[in-house]
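*Asks:* Please see the structure below; I have some questions.
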Amino acid sequence: FDYEGYVPCNHIRSYRPKPIVRNQYVEQAAELINQAKKPFILWGQGVILGSAEQEFKTFVEKSGIPAAWTILGAGAIPTDHPQNVGMLGMHGNYGPNVLTNECDVLIAIGMRFDDRVTGRLDKYAKQAQVIHLDIDPAEIDKNVKSTVPVWGDCKETLPLLTALVEEKQHTEWLAKFNEFTRQEVEQVIHDELNPTTGEMTMGEVIKQLNILTNGDAVIVTDVGQHQMVACRYAKLNKTRSNITSGGLGTMGFALPAAIGAKFGAQERDVVAIIGDGGFQMTLQELGTIMQTGVNVKIIILNNRFLGMVRQWQELFNQRRYSFVDIQSPDFVRVASGYGIAGRSISERENLQDALKEMLAHDGSFLLEVIVTKENNVFPMV
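Whatever position you read off the sequence shown (first residue = 1), add 841 for our numbering.
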C-alpha cells in the first residue's frame, strides 16, 4: 500500500480524556438530591475504572442513599456495606429492580443503562428525575434521558457533589429495600445456598467459597448461569475483585482473564468460575498455565447443559430443548495432561474439603463440581 499523503487523525469527536467539570450541573444535581424523598444510586464500572472508590463511598455514606450496582460495578464498596442493596438487572435482586420504578431521583454513576438493567425503556423509571455522571458524553442521554447531566471524571465530580449534599439518613426508604431482601432470602436465596437434598447447587458452591476466602479472592467469571450466581452471591471485600466480560457476553473469557488477573495481583488468590460449555472454548489456555507456572484456581460448575439458554428454553419454549445438552471430556484428565492437579466431586459432603484442597495447593488446580442439571437462576426480570 502507498501511505504517502496519509494524515493522522489527532482529534476524535467527543473524546476528551480530561473533561472540564461544569459546576452549575453539579449544583443542580446537589439541589435535586437534597430535595429528594426517595433517592437511589446506581453505580457501574466507571467508579472502579476511575479509581474513585473512596470518593464514591464518602458520597454514599454522607448522603445516606441506598446504592445498587451493575454486574461490572461489583466491589466498589463491600458487598456487606449497609447501604449496598444489591445487584441490578435481569438476574439482579428484587429491591433494586422494583424500587427503581418508585424512586424520585435516580443517580447513575459510571454506568450506561444497558438493556439488562433497564428492560423496556418506555417503562423504565419514568417517575424519576435522572442525574447521570459519566466521563463519556456519548453515554449520557444515549438510553435514558437525564434531567441533569454531569460530564466528567467521577474522581473529580463526586467530591464536588459530596461537598454540596446534605448529610441524611433515608431510614424508611432503605427499610423498603431491606424488606425486599428479606422476601428474596425467604423465597429464593435460602434454598439456593442451603440445599440439603439432591445434587449440589451453584449457589452453595459460591457460599462455601465465600467462607473459605472470606471475600478476599479475585473472582473471575465466564458467561452463563454460573456467572449470574457468582455475581449475585460472591462476597467481595475489596475493589477490583470481580472480573467478568459484562455486555460482551464472551464465553471462554474466564480462563485467560484469570491468568492475566493473577499476573496483575500475584499476592491474591484468583479463582476462575466457569461453566462446562465456556471452559471448552478456551481450554487450550491450560497450556499458558503450564508454560508460565501461574497459580490459578479453576472451578468448573458442570451442569451438563448450556444452562442460560436452557433456562430460556424451559421457561419460554415449554422445555423444547435444542442444542443445549452438551457432552464434556474428563476435565481432570485434560488438566493432568498439562501438569495441572485436579479433582472432580459430585457429593456435597466432599465440597468443603475439595475447596480447601484447591486453595491450599501450591500451584494451579482444577476442581470440577457436578451440579444439578436444571438449576435455574432467579429472580429473572
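Glycine residues also receive a C-beta, built at the ideal position from the N, C-alpha and C atoms.
Here's a check: name, in chain order, each residue in its chain whose Cβ is nearer than 6 Å to the Cβ of HIS922, leaving out the five neighbours to either side.
*Replies:* Cβ neighbours of HIS922 beyond the five flanking positions: none.
*Asks:* Only counting the same chain, and skipping five residues up and downstream in sequence, which positions put a Cβ closer than 7 Å to that of VAL1064?
*Replies:* Hits under 7 Å: SER1086, GLY1090, THR1091, MET1092, PHE1094 and GLY1119.
*Asks:* For SER892, I'd like the list of residues in its chain whose CB is within less than 7 Å of its CB, leaving aside the five on either flank, ordered along the chain.
*Replies:* Cβ within range, chain order: LYS996.
*Asks:* Do we get a CB-CB distance below 8 Å when we pair GLU1045 with the residues of chain D?
*Replies:* In the structure shown, chain D cannot be found, because there is only a single protein chain.
*Asks:* Bridge partners of SER1185, per DSSP?
*Replies:* SER1185 pairs with GLU1209.
*Asks:* Ordered along the chain, which non-local residues of its own chain (more than five positions away) have a Cβ less than 8 Å from that of LEU1001?
*Replies:* Excluding sequence neighbours, LEU1001 sits near VAL862, ASN864 and VAL867.
*Asks:* Can you tell me the Cα-Cα spacing of PRO919 and VAL848, whole angstroms?
*Replies:* If I take the Cα positions, the gap works out to 48 Å.
*Asks:* For the alpha helix (DSSP H) that contains GLY1105, what are its first and last residues?
*Replies:* 1095-1105 is the span of the alpha helix (DSSP H), which, as asked, contains GLY1105.
*Asks:* Roughly how many whole angstroms lie between the Cα atoms of PHE842 and ASN1158?
*Replies:* Bear in mind that a pLDDT of 49 at PHE842, under 50, signals an unreliable position, so the model cannot answer this.
*Asks:* If I measure Cβ to Cβ from ILE1140 and keep anything under 6 Å in the same chain, skipping five residues before and after, which residues do I get?
*Replies:* Within the same chain, ILE1140 has close Cβ partners ILE1114 and LEU1208.
*Asks:* Check for me: the beta strand (DSSP E) holding MET952 runs from which residue to which?
*Replies:* Premise fails: MET952 is in no beta strand (DSSP E) and is neither H nor E.
*Asks:* Expressed to the nearest angstrom, what Euclidean distance is found between the alpha-carbon atoms of PRO880 and GLU1027?
*Replies:* Each residue's Cα considered, the two are about 26 Å apart.
*Asks:* Take TYR1179 and list the residues in its own chain whose beta-carbon comes closer than 8 Å to its own, dropping the five residues that flank it on each side.
*Replies:* Around TYR1179: LEU1127, GLY1128, ILE1130 and MET1131.
*Asks:* Where ALA1176 and ALA1182 are concerned, what is the direct C-alpha to C-alpha distance, given to the nearest angstrom?
*Replies:* Distance between the alpha carbons of ALA1176 and ALA1182: 7 Å.
*Asks:* Can you give me the Cβ contacts of GLY1204 inside the same chain, cut-off strictly under 8 Å, excluding the 5 residues immediately before and after it?
*Replies:* GLY1134, ASN1136, ILE1181 and ALA1182.
*Asks:* Nearest CA to the CA of PRO1170: which residue from GLN1121, GLY930 and THR1037?
*Replies:* Cα-wise, what sits closest to PRO1170 is GLN1121.
*Asks:* Name the DSSP bridge partner or partners of HIS973?
*Replies:* Bridge partners of HIS973: ALA949 and PRO990.
*Asks:* Considering only DSSP beta bridges, list what GLY1116 is partnered with.
*Replies:* Answer is LEU1142, bridged to GLY1116.
*Asks:* Under the assumption that HIS973 contacts PRO990 (Cβ atoms under 8 Å), give the Cβ distance between them as a whole number of angstroms.
*Replies:* Their Cβ separation, rounded to whole angstroms, is 6 Å, which keeps HIS973 and PRO990 in contact under 8 Å.
*Asks:* From the DSSP output, in three-state form, read off VAL867 for me.
*Replies:* In this structure, VAL867 counts as helix in the three-state DSSP scheme.
*Asks:* Considering only DSSP beta bridges, list what ALA909 is partnered with.
*Replies:* The partner list for ALA909 (beta bridge, DSSP) reads LEU883 and GLY927.
*Asks:* Need the endpoints of the beta strand (DSSP E) that VAL1059 sits in, please.
*Replies:* Residues 1059-1062.
*Asks:* ALA1195: buried (16+ other C-beta within 10 angstroms of its C-beta) or exposed?
*Replies:* Buried.
*Asks:* Can you tell me which of the three DSSP states GLU1008 falls into?
*Replies:* It is coil, neither helix nor strand.
*Asks:* With VAL1175 as the anchor, note down where its alpha helix (DSSP H) starts and where it stops.
*Replies:* Where VAL1175 is concerned, the enclosing alpha helix (DSSP H) stretches over 1172-1178.
*Asks:* Quick check: what's the CA-CA separation for PRO860 versus ASP1166?
*Replies:* For PRO860 and ASP1166, the distance between alpha carbons rounds to 50 Å.
*Asks:* If you draw a straight line from the C-alpha of ASP956 to the C-alpha of ILE889, how long is it?
*Replies:* About 21 Å.
*Asks:* Measure the CB-CB distance between ARG1076 and GLY1101 and report whether it falls below 8 Å.
*Replies:* Reading off the sequence, residue 1076 comes out as Lys, not Arg. Contact flag unset, no.
*Asks:* Under a three-way DSSP split, which group does ILE874 fall into?
*Replies:* Three-state result, ILE874: helix.
*Asks:* Would you say LEU1005 and ALA871 are within 8 Å of each other, going by their C-beta atoms?
*Replies:* For LEU1005 and ALA871, yes; Cβs fall inside 8 Å.
*Asks:* According to DSSP, which residues form a beta bridge with ASP1110?
*Replies:* According to DSSP, which records beta bridges pairwise, ASP1110 is partnered with nothing at all.
*Asks:* Out of TRP1014, ASP1032 and ASN1191, state which residue places its alpha-carbon closest to the alpha-carbon of GLN924.
*Replies:* When only C-alpha atoms are compared, the closest one is TRP1014.
*Asks:* Work out the CA separation of VAL939 and GLY951 for me, nearest whole Å.
*Replies:* Cα to Cα, GLY951 sits roughly 21 Å from VAL939.
*Asks:* Would you check if the distance between the CB atom of PHE1018 and the CB atom of GLY930 is smaller than 8 Å?
*Replies:* The answer is no: Cβ separation not under 8 Å.
*Asks:* By Cβ distance below 8 Å, which residues in the same chain neighbour LEU1053 in space, the five residues on each side in sequence not counted?
*Replies:* So the list reads GLN1193, LEU1196, LYS1197 and LEU1200, once near-sequence residues are dropped.
*Asks:* Ends of the alpha helix (DSSP H) at GLY1044?
*Replies:* 1043-1054 is the extent of the alpha helix (DSSP H) around GLY1044.
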